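Undergrad: Just so we're aligned, residue 1 is where the sequence shown starts under our numbering, counting upward by one.
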Amino acid sequence: LAAEGSWFHQFRVVAIFRISPFPYTIFNYAIVVTSMRFWPYLFGSIPGMVPEAFIYIYSGRLIRTFADVQYRHQQKQKEYYKNAKYVSKFRKSMKQQNVLEKDEMKLQSFHGDGETGENSKLVDDDKRKGKSHKRIGVEEVYKQTREEMEKARREREEAFQAKKQAKEEAESRRKAAKGKMMRKTQHGQPVMKYRIEHLLESIKKSAENDGKNHMTSSCLYNADQVNLTCHFRY
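1) Going straight from the alpha carbon of R153 to that of R195, what length do you get?
2) Please report the distance separating the alpha-carbon of E157 from that of E139.
3) If you draw a straight line from the C-alpha of M105 to the C-alpha of K95, how long is it?
4) Give me the Cα-Cα distance between I203 and A177, rounded to the nearest whole angstrom.
5) Which value, in whole angstroms, describes the spacing of the CA atoms of N209 and L200?
6) Are the beta-carbon atoms belonging to H198 and M182 less than 8 Å from one another?
7) Quick one: what's K184 bridged to in DSSP?
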């Protein structure tokens with residue numbers, strides 16, 4: 001240790017903590033040191049304790065006590081594992097004895113009186129029949145639910161296919177109408193024939209919707225009576 005009055009004597013050891021699982025070495029323990037001015041508050045009640053002796057006694061005793069505690073803990077673990085092995089063996093033997101006793105009871109009941117045997121057979125048959133009825137009921141319920149689920153799935157698929165087909169048809173009609181509307185003459189003018197047809201169809205649809213909704217309107221258009229004349233310049 002350093003001489004008296006050096007910087008080392010300004011500090012004192014407070015506690016030692018273990019930082020490694022390997023015992024019996026000083027390097028596996030962390031030493032907590034405090035300043036000299038806190039010494040009277042912590043260890044002022046220990047008379048005649050010099051720093052060198054305190055460090056030696058405190059560190060040595062702590063290391064020995066930690067090692068002893070760890071050794072005792074290891075011994076307790078070994079005893080616990082041994083006892084667990086014995087308990088598992090005992091439980092296995094008890095299970096085997098219970099199985100043998102049950103087998104003996106069955107043999108005795110089988111070799112007993114004929115009446116008791118017949119009664120037991122009848123009871124067993126009733127139990128089996130009840131189980132079979134229960135199984136049949138469960139299977140029927142399962143089949144019914146499965147059929148209902150399949151039916152609902154088919155209905156959903158049919159509705160989806162119908163919607164998809166209607167959407168495709170509407171898309172094809174829209175594309176055809178668009179192609180007709182985009183046609184032009186040699187001079188770059190739009191072909192009015194297809195535009196007039198489009199107007200007539202829209203008027204028909206509006207008239208049908210008005211008739212379905214029972215709405216009266218002041219202007220009624222009859223697409224068959226409309227005559228439009230268009231002059232084209234070629």
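Glycine included, C-beta positions come from ideal geometry on N, C-alpha and C. Here the structure is a predicted model, which is why all the values come from computation and not from measurement.
TA: Reading off the structure:
1) 44 Å
2) 27 Å
3) 15 Å
4) 16 Å
5) 14 Å
6) no
7) P190
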